[in-house]
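Engineer:
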Amino acid sequence: MSAIETKSAIHKLVEEVNDEQLLRMVHAILEQKSVPETDFWDQLTQYQKAAIKQGIADADNSRTKPYRQVLSKYQ
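Taking the working numbering, I'd label the letters of the sequence shown as residues 44 to 118.
1) Using CA coordinates, which residue listed in Leu56, Thr81 and Glu80 is at the minimum distance from Val69?
2) Could you have a look at Asp62 and say whether DSSP puts it in helix, strand or coil?
3) Taking only the alpha-carbon atoms, compute the straight-line gap between Glu48 and Glu58 and give it to the nearest angstrom.
So, in structure tokens, the structure goes:
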């Protein structure tokens, strides 16, 4: 199905729906998709990026801590 055919099919379905809550949900989904997506990585500071990269390097080199040990630090 082409994009034009898909749009037409969606339009027909929307015209037949009377459920206001469903229509609002569909509207919210479509409206959200019209906003350009940004990669969260681009929103991070250089410090945050460096910390994440260091964490990945630590994990790749088996420099990790048990879950319970980390959890106990924050309890």
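Each residue gets a CB set at the ideal place from its N, CA and C atoms; glycine is no exception.
Note that the structure is a prediction, hence the values are computed from the model and not measured.
Structural biologist: Reading from the atomic positions:
1) Looking up residue 69 in the sequence shown gives position 26. Closest option to Val69, Cα to Cα, is Leu56.
2) The residue given as residue 62 occupies position 19 in the sequence shown. Looking at Asp62 - three-state DSSP - the assignment turns out to be coil, as it is neither helix nor strand.
3) In the sequence shown, counting from the first residue as 1, residue 48 sits at position 5. In the sequence shown, counting from the first residue as 1, residue 58 sits at position 15. Between Glu48 and Glu58, the C-alpha separation is close to 15 Å.
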